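Residue numbers (my numbering): 1 to 334.
1. Decide if residue 316 is buried, meaning its Cβ has at least 16 other Cβ atoms within 10 Å, or exposed.
2. Do you know whose CA, among 229, 203 and 96, lies nearest residue 143's CA?
3. Exposed or buried, which one is residue 70 when buried takes at least 16 other CB atoms within 10 Å?
4. What number of angstroms, rounded off, separates the C-alpha of residue 319 from the C-alpha of residue 151?
5. Keeping to the same chain, check which residues put their C-beta closer than 7 Å to that of residue 271; ignore five residues upstream and five downstream.
6. Out of 278, 79 and 102, which one is the CA nearest neighbour of residue 167?
7. Nearest to residue 260 by CA position, among 136, 331 and 225, is which residue?
8. Would the stretch 180-191 and the stretch 216-225 be scored as touching if the rule is three or more Cβ pairs under 8 Å?
9. Going by alpha carbons, who is nearest to residue 99 out of 148, 199 and 175?
10. Under the assumption that residue 236 contacts residue 188 (Cβ atoms under 8 Å), give the Cβ distance between them as a whole number of angstroms.
11. Return the first residue and the last residue of the alpha helix (DSSP H) that residue 226 is part of.
12. For a test of the three-state rule: what should DSSP assign to residue 275, helix, strand or coil?
13. With H, G and I counted as helix, E and B as strand and the rest as coil, what does DSSP make of residue 134?
14. So the alpha helix (DSSP H) residue 194 belongs to, where does it begin and stop?
15. When the distance is taken between beta carbons, is residue 267 closer than 8 Å to residue 238?
16. Mind reading off the beta-carbon distance from residue 121 to residue 194? Whole number of angstroms is fine, and I expect it under 8 Å.
17. Where DSSP assigns a beta bridge to residue 209, which residues make up the other side?
18. DSSP three-state call for residue 252: helix, strand or coil?
19. With DSSP run on the structure shown, which of helix, strand or coil describes residue 105?
20. Who are the Cβ neighbours of residue 313 in its own chain at under 7 Å, not counting the five residues just before and after it?
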């Protein structure tokens, strides 16, 4: 009896312990389906796809396009030779010297007008426009503008740009005037190097510089200012090629006036059949948009090159001299 009683007590104790240690959870039908779906769709650990090993290689910063402003800004100028070939002409108020200089692998010819006197003299770079190359001469139509400035106390540099004889001829590169701009930047570098030294630039004041450009020369002046935003106190853009490749506000890398502090004068004949006067009207609006406050003049019934025997050309020369006198000659800076 004792043994049966003991067994009965043990069985009861076992059942009670089992009930208190097991928790039973009942799933509703939906939950059961979800779990089954997860189980069926899950990928066993041993079959998991391993993470791929990276094969990326470090990338280099792309070089700027060879004709871009970045490329023009990040290269050297004036590394060749600048030669005063001869005293070409001597006048009452200035002397004209024939010059030859290296522009990369090309030879550029031109002239420099130097006022007679002690100086120091402000400096103007004058850039001619397009002329048929079989007709172009070193003393071409733009000479009278250079001479007028020299008579009034300016050293004037007038290069024959590449492809204009007798300067070197090279293939046309479709470079948005970058090649011409390089010719001007090389000339600028030589002047900076030679200013104050014995020679034709001994009395040159490179802290008072301006730039003048007609037609293509105006477009080159704009590119030169974009590369050298602090070089020039004032610029005259005369019938300039200003919209053919880009504008001053489009961020194209052809022009960049964001840092240019140069005072700008715009002049254009209203009957220009070579470069539409609307290009210069638009340029004036663009300059105003970026806060440059240009001085803009338009000449009624006048063509691409103002008639010298009428009222327009003398008025243009008068305005040019007044403009450079105000912003270059009489602007000594700090």
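Positions of the beta carbon are idealized from the N, C-alpha and C atoms, including for glycine. These numbers were taken from a predicted model, which means no experiment stands behind them.
By the coordinates alone:
1. Residue burial annotation: residue 316 is buried, with at least 16 other C-beta atoms found within 10 angstroms of its C-beta.
2. Of the listed residues, the one whose Cα sits closest to residue 143 is 96.
3. Its Cβ having fewer than 16 others within 10 Å, residue 70 is exposed.
4. Distance between the alpha carbons of residue 319 and residue 151: 15 Å.
5. Taken in chain order, the residues that qualify are 301, 302 and 303.
6. The residue with the shortest Cα to Cα distance from residue 167 is 102.
7. It is 225 whose Cα lies nearest to the Cα of residue 260.
8. Touching, yes.
9. Nearest to residue 99 by alpha-carbon distance, out of 148, 199 and 175, is 199.
10. At roughly 17 Å, the Cβ-Cβ gap does not stay under 8 Å, so residue 236 and residue 188 are not in contact.
11. Per DSSP, the unbroken alpha helix (DSSP H) holding residue 226 starts and ends at 216-227.
12. Coil.
13. Coil, per DSSP.
14. Bounds of the alpha helix (DSSP H) holding residue 194 are 178-194.
15. Contact: yes.
16. At roughly 14 Å, the Cβ-Cβ gap does not stay under 8 Å, so residue 121 and residue 194 are not in contact.
17. DSSP output for residue 209 lists 123 as bridge partner(s).
18. Reduced to three states, the DSSP call for residue 252 is coil.
19. Collapsing the DSSP output to three states places residue 105 in coil.
20. Here the set comprises 306 and 307.
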